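To keep things clear, I will list the structure first and then write my remarks on it.
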Amino acid sequence: MTLNSLRATGLAATLGIFIILPFVLEDYWIYTVTIGFYYAILAASWALLVGYVGRISFAQTAMAGLGGYASALSVQHIGLPPVIGLGFGVLVAGLIGFVIGRLTLRLHGAYLGLTTIAFAEILRITITAEYSLTEGSRGLQVAALIEGGTRVEYYFLFLAVTVACLALMTWLLRSRIGLFFQSIREDEDGAASLGVNVTLWKTVAFAISSAFAGLAGGLQAHFVQLITPSMMSLQEMGLVLAMAVIGGFHNVFFAALGGVGLQVLLEALRELGEWRLVVFGLLTLLILRLMPNGIFGALFDALAKRLMRNGNDK
Amino acid sequence: MSMVAILEQSLNGLIVSSFYALAALGLAIIFGVLRVVNFAHGELYMLGGYAYFLAVSTLGMPPMLGILVATMALAAVGALVEWLLIRPVYDGRADRPEEYSIMITFALSILLLNLANSLFGPWPRRPEPLFRGGVELGELIVSGDRLAAASVAMLLIAILLAGLRYTWAGRAVRAVSQNREAAAIFGISVTRVGMLAFATGAALAGTAGALMGPVFNVVPSMGIIPVIKAYVIVVLGGLGSIPGAIIGAIILGQVESFATILIPDPSRALAYKDAYGLVLLVGILLLRPEGLFGTKGRRA
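Those sequence lines, one after another, are chains A and B. Just so it is clear: in the first sequence, position 288 is 288 by the numbering used here, and no numbers are missing. Just so it is clear: in the second sequence, position 26 is 340 by the numbering used here, and no numbers are missing.
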């Protein structure tokens with residue numbers, strides 16, 4: 001088996017499992033995994049920015065909320081069909097992401113972290129305060145994406161969108177643009193001196209990552225049919241960070257698996273109450289400290305190493 | 315606005331500033347020595363509040379002793395966190411130290427928040443304050459618990475500044491902040507100073523939490539808003555600058571104190587109250603990331 005066939009087998013097996021799942025699971029768990037896909041897109045979009053471009057952001061869930069509110073409000077007030085509203089939400093999140101990326105070009109590391117926290121909180125506070133438009137912290141009723149859709153229909157829709165997003169991200173990251181991103185992560189000045197338009201790609205990376213987050217938020221809002229500002233909170237951001245880190249944030253696919261996996265575990269361990277969040281917090285710290293590629297990353301590395309040792313791959 | 319009202323607002327602002335300064339100084343010292351922005355600072359502040367609550371309400375200690383217990387406990391927590399989690403940032407074990415430091419402290423803050431939620435429950439607690447009743451200063455009436463807490467905070471800040479200036483350890487901290495390599499060459503143990511800095515920073519956050527806990531409430535989420543203000547302050551004054559942190563705290567205290575009474579619609583003014591500091595933060599980071607007193611680098 002070569003490294004590429006290991007990848008292909010892993011992908012096919014994972015996809016196969018997710019296709020079979022709704023036929024064996026109860027309704028409640030189908031719902032849980034569907035929410036898991038929301039977190040998968042969100043964690044992957046965060047990994048795209050942090051793992052590949054090396055730009056930290058704590059505004060990912062704020063962008064998801066922005067996409068969700070933009071979509072919900074455009075459907076409610078302009079009367080757009082939910083699918084078009086979803087596209088509008090992606091556009092708004094991408095645009096604001098572009099603006100933030102543009103404004104924060106000079107900043108990196110902790111300064112960037114602080115700025116994105118501030119942006120995220122300003123967005124959340126504004127949406128909470130403008131209650132005449134957004135209903136504030138009571139939450140806004142949102143039109144359904146599929147009129148009278150069943151759990152299974154939503155499940156497959158979310159699965160399809162998640163797969164499409166991951167495919168799009170992988171295609172992007174394997175193209176020249178992906179190389180530009182990684183060159184910025186490794187050495188910004190070096191990349192610039194070799195002719196990479198660092199300014200452009202840093203901004204674009206922020207916009208793309210935000211647009212994916214906006215899509216995830218819009219889907220989630222039209223699925224749950226309720227959106228509240230709490231989905232933009234820093235606690236939610238911490239959850240997404242934990243998902244990406246535990247899955248492995250140097251690979252969008254692993255981060256997405258972390259998103260679904262953690263969401264399912266969170267539901268499965270409900271009887272532990274608040275303690276499960278403590279366990280996940282501890283796990284995140286341990287993985288960051290000891291296993292920086294995440295659980296799936298470490299697993300893949302271990303399998304790949306065995307292949308190399310057997311001499312089957314050059 | 316009458317003269318008394320103006321005086322009252324600026325005194326309120328000054329009291330709030332002294333708490334902000336205590337928390338912000340901790341961030342500044344940690345950043346100065348370790349080049350790490352401690353995203354878990356608010357949760358250390360919260361732990362200080364709970365340490366005070368346990369000492370005073372559960373064990374029945376006098377409030378003054380409770381504050382001392384909180385300071386000591388958080389110094390120990392800080393030293394432990396530095397040893398277990400922060401050390402890879404500068405000893406070459408982390409691949410991308412800056413990214414690692416941001417994510418590890420952010421993850422720590424989530425862990426501590428949920429830990430407090432599980433251990434103590436989400437209910438607000440109100441431990442015994444340092445002092446009860448009001449104090450009259452001429453025509454002004456100030457609540458005694460706030461004034462007492464602010465006085466303790468100011469005393470502590472004075473002790474800290476004197477310690478940084480005159481003791482050997484304080485000089486070592488300043489030396490490492492200015493130039494790591496040179497300090498190491500002159501025989502300062504950079505590792506030990508790093509641990510001292512983090513322990514001091516955590517102790518300051520814990521003390522601030524212990525002082526504020528009885529004035530507001532002790533709840534697991536009590537650190538979230540003050541820490542964002544502490545970020546605003548250290549960025550305003552320049553990350554890592556000690557005088558900058560103090561002046562930043564004074565500015566923010568006054569801005570907040572007066573901004574809330576200048577906006578006519580009270581419910582909306584209240585909703586946006588916490589956003590002013592954030593707008594200030596974004597503005598400074600975008601226009602002058604080195605802050606008022608920081609040194610200018612090629613890239614922030």
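By construction, the Cβ of each residue, glycine as well, lies at the ideal position given by its N, Cα and C atoms. Everything numeric in this text was worked out from a predicted model, so none of it was measured.
Looking at the secondary structure, which residues open and close the beta strand (DSSP E) in which residue i lies?
i: B:Ile455; result: 454–457
i: B:Glu450; result: 448–451
Thinking C-alpha only, which one of the options is nearest residue i?
i: B:Arg602; options: B:Ala342, B:Gly552, B:Tyr414; result: B:Gly552
i: A:Leu173; options: A:Trp201, A:Phe300, A:Glu130; result: A:Trp201
i: B:Gly448; options: B:Ala462, B:Gly362, B:Arg439; result: B:Ala462
i: B:Ser620; options: B:Pro438, B:Tyr404, B:Phe445; result: In the structure displayed, chain B extends from 315 to 614; residue 620 of chain B sits before or after that span and is not available.
i: A:Ala120; options: A:Ala8, A:Ile100, A:Ala110, A:Gly139; result: A:Ile100
i: A:Ala93; options: A:Ile78, A:Gly109, A:Ser71, A:Pro82; result: A:Ser71
i: B:Ala421; options: A:Asp301, A:Ala244, A:Ala268, A:Leu265; result: A:Ala244
i: A:Tyr31; options: A:Gly238, A:Phe158, A:Ala13; result: A:Phe158
i: B:Gln488; options: B:Ile499, B:Ala511, B:Met468; result: It is Arg, not Gln, that sits at residue 488 of chain B in the sequence shown. Out of B:Ile499, B:Ala511, B:Met468, B:Ala511 has the C-alpha closest to the C-alpha of B:Arg488.
i: B:Asp459; options: B:Gly597, B:Leu321, B:Asn326, B:Met317; result: B:Asn326
i: B:Met360; options: B:Gly484, B:Leu518, B:Ser555, B:Ser316; result: B:Leu518
i: A:Ile283; options: A:Ile177, A:Leu262, A:Ala268; result: The question names Ile, yet the displayed sequence has Leu at residue 283 of chain A. Checking every option, the nearest Cα to that of A:Leu283 belongs to A:Leu262.
i: A:Thr14; options: A:Phe254, A:Gln60, A:Tyr154, A:Phe180; result: A:Phe254
i: B:Ala563; options: B:Ala342, B:Leu427, B:Leu321, B:Ala319; result: B:Ala342
i: B:Lys543; options: B:Ala483, B:Ala559, B:Leu454, B:Glu450; result: B:Ala559
i: A:Glu186; options: B:Ser415, B:Val490, B:Arg410, B:Arg479; result: B:Arg410
i: B:Val541; options: B:Leu339, B:Gly597, B:Ile598, B:Ile418; result: B:Leu339
i: B:Met386; options: B:Gln492, B:Phe500, B:Val529, B:Gly523; result: B:Gly523
i: A:Val142; options: A:Leu226, A:Gln182, A:Ala207, A:Gly217; result: A:Leu226
CA-CA distance, residue i and residue j?
i: A:Ser209; j: A:Leu86; result: 16 Å
i: A:Arg102; j: A:Leu73; result: 26 Å
i: B:Gly605; j: A:Leu114; result: 14 Å
i: A:Lys314; j: A:Gly10; result: Its pLDDT being 47, under 50, A:Lys314 is placed unreliably in this model, and the value from its coordinates should be taken loosely. Going from the Cα of A:Lys314 to the Cα of A:Gly10 covers about 20 Å.
i: B:Val330; j: B:Leu433; result: 29 Å
i: A:Thr2; j: A:Phe249; result: 24 Å
i: B:Val549; j: B:Leu595; result: 7 Å
i: A:Leu48; j: A:Thr162; result: 14 Å
i: B:Ile381; j: B:Ser571; result: 26 Å
i: B:Val535; j: B:Ile547; result: At residue 535 of chain B the sequence reads Ser, which differs from the Val that was named. The straight-line gap from Cα to Cα measures roughly 20 Å.
i: B:Gly515; j: A:Gly190; result: 36 Å
i: B:Leu525; j: B:Ala585; result: 25 Å
i: A:Leu215; j: A:Arg7; result: 27 Å
i: B:Ala472; j: B:Gln568; result: 21 Å
i: B:Gly537; j: B:His355; result: 8 Å
i: A:Ser175; j: A:Leu105; result: 23 Å
i: A:Phe180; j: A:Trp171; result: 14 Å
i: B:Arg440; j: B:Leu373; result: 14 Å
i: A:Arg306; j: A:Ile78; result: 57 Å
Could you give the DSSP three-state label for residue i: helix, strand or coil?
i: A:Arg309; result: helix
i: B:Gln568; result: helix
i: A:Leu173; result: helix
i: A:Leu226; result: strand
i: A:Leu102; result: The question names Leu, but residue 102 of chain A in the sequence shown is Arg. In this structure, A:Arg102 counts as helix in the three-state DSSP scheme.
i: B:Arg407; result: coil
i: A:Phe249; result: coil
i: A:Leu140; result: strand
i: B:Arg349; result: coil
i: A:Arg151; result: helix
i: B:Arg401; result: helix
i: B:Arg439; result: strand
i: A:His108; result: coil
i: B:Gly554; result: coil
Let's see if you can read the secondary structure: which residues bound the alpha helix (DSSP H) around residue i?
i: A:Gly258; result: 252–268
i: B:Val529; result: B:Val529 -> no alpha helix (DSSP H), and no H or E assigned at all.
i: B:Gly392; result: 377–395
i: B:Arg485; result: 482–492
i: A:Asp27; result: 27–47
i: A:Glu59; result: Position check: residue 59 of chain A holds Ala in this sequence, whereas Glu was assumed. Neither: A:Ala59 is in no alpha helix (DSSP H) and is coded neither H nor E.
i: A:Asp187; result: Unbroken run through A:Asp187: none, as it is neither H nor E.
i: A:Asn197; result: No alpha helix (DSSP H) contains A:Asn197, which DSSP labels as neither H nor E.
i: A:Ala12; result: 3–24
Please report the Cβ distance between residue i and residue j, rounded to the nearest whole angstrom; I am assuming they are in contact, meaning their Cβ atoms lie under 8 Å.
i: B:Leu336; j: B:Gly362; result: Not a contact, Cβ separation roughly 10 Å.
i: A:Thr228; j: A:Gly139; result: 4 Å
i: A:Thr126; j: A:Ser137; result: Contact doesn't hold; Cβ gap of about 13 Å is too wide.
i: A:Phe58; j: A:Ile96; result: 15 Å between Cβ atoms; not a contact.
i: B:Leu470; j: B:Thr505; result: That belief does not hold up - the Cβ atoms of B:Leu470 and B:Thr505 are roughly 26 Å apart, past 8 Å.
i: A:Val278; j: B:Leu429; result: 5 Å
i: B:Met509; j: B:Ala393; result: 5 Å
i: B:Asp588; j: B:Ile539; result: 6 Å
List the residues of chain E whose Cβ lies closer than 8 Å to the Cβ of residue i, in chain order.
i: A:Gly54; result: Here chain E cannot be found, since the structure's protein chains are A and B.
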